[in-house]
Amino acid sequence: MTAQIPENLIYEGYRTTMNFCPFLPKDHPRIVELSGEEIQRENIHPMIFSTACWREYVGTWEVKNGQFYLVRLTGKYKILGDDPIPADWFSGVLKIPVGKILHYVHMGFGTVYEREILVTIDKGKVVNVRIKDNRGKEIDHWNQVERSMPGSEFRSEDEDDSER
Numbered sequence: 008m009t010a011q012i013p014e015n016l017i018y019e020g021y022r023t024t025m026n027f028c029p030f031l032p033k034d035h036p037r038i039v040e041l042s043g044e045e046i047q048r049e050n051i052h053p054m055i056f057s058t059a060c061w062r063e064y065v066g067t068w069e070v071k072n073g074q075f076y077l078v079r080l081t082g083k084y085k086i087l088g089d090d091p092i093p094a095d096w097f098s099g100v101l102k103i104p105v106g107k108i109l110h111y112v113h114m115g116f117g118t119v120y121e122r123e124i125l126v127t128i129d130k131g132k133v134v135n136v137r138i139k140d141n142r143g144k145e146i147d148h149w150n151q152v153e154r155s156m157p158g159s160e161f162r163s164e165d166e167d168d169s170e171r
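The sequence shown lines up with residues 8 to 171 when you count with the working numbering.
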């Protein structure tokens with residue numbers, strides 16, 4: 008699998024990316040799939056439809072005041088209306104990369120950064136935030152392959168993570 012274009016995230020006002028893609032409920036009444044004609048009219052960057060973006064969209068998400076929102080979609084889907092959608096369908100861990108790349112993995116989202124902010128979400132609400140420091144740790148290559156696979160957001164993290 009090719010390294011994937013990350014989802015965008017606004018975390019308490021700071022623009023960054025996430026190291027995984029939250030589930031997108033394609034049957035949500037405010038999320039609609041564009042036709043081929045609409046996609047051409049929107050002049051969407053072709054990278055969205057390459058092997059670097061198997062999902063054929065890039066979402067912009069926001070964590071604000073303890074709530075997780077879907078703000079914007081680019082590519083195969085769009086949001087109806089201007090208001091963000093509370094992502095109450097989502098429970099899992101957001102992985103926000105911080106610092107320099109320590110180990111690049113050209114597959115999914117397995118690249119290791121100096122630190123990760125891990126934001127635990129339960130039904131759209133922030134329930135925990137912690138920082139994982141990866142500096143000085145031995146890189147387990149098989150663990151990185153596992154981290155890059157779908158569903159890794161539900162896996163529990165190491166015990167040595169620091170609470171914030």
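The beta-carbon is built from N, C-alpha and C at its ideal position, and this holds for glycine as well.
- Rounded to the nearest whole angstrom, the CA to CA distance from phenylalanine 27 to glutamine 47 is 27 Å.
- Taking a cut-off of 8 Å on C-beta distances, the stretch 131 to 148 touches the stretch 72 to 81, as three or more cross pairs fall below it.
- Here glutamate 69 is bridged, per DSSP, to Ile17 and Tyr76.
- Apart from the 5 residues on each side of it in sequence, lysine 33 has no Cβ closer than 6 Å to any other Cβ in its chain.
- Taking the Cα of tyrosine 84 as reference, the smallest distance to any Cα among Asn141, Ile38 and Ile92 is reached at Ile38.
- Here isoleucine 17 has Glu69 as same chain residues with Cβ atoms under 6 Å from its own Cβ, once five neighbours each way along the sequence are excluded.
- Here leucine 80 is not near methionine 25, since their CB atoms are 7 Å or more apart.
- Under the criterion of beta carbons closer than 8 Å, threonine 23 and isoleucine 103 qualify as touching, at roughly 6 Å.
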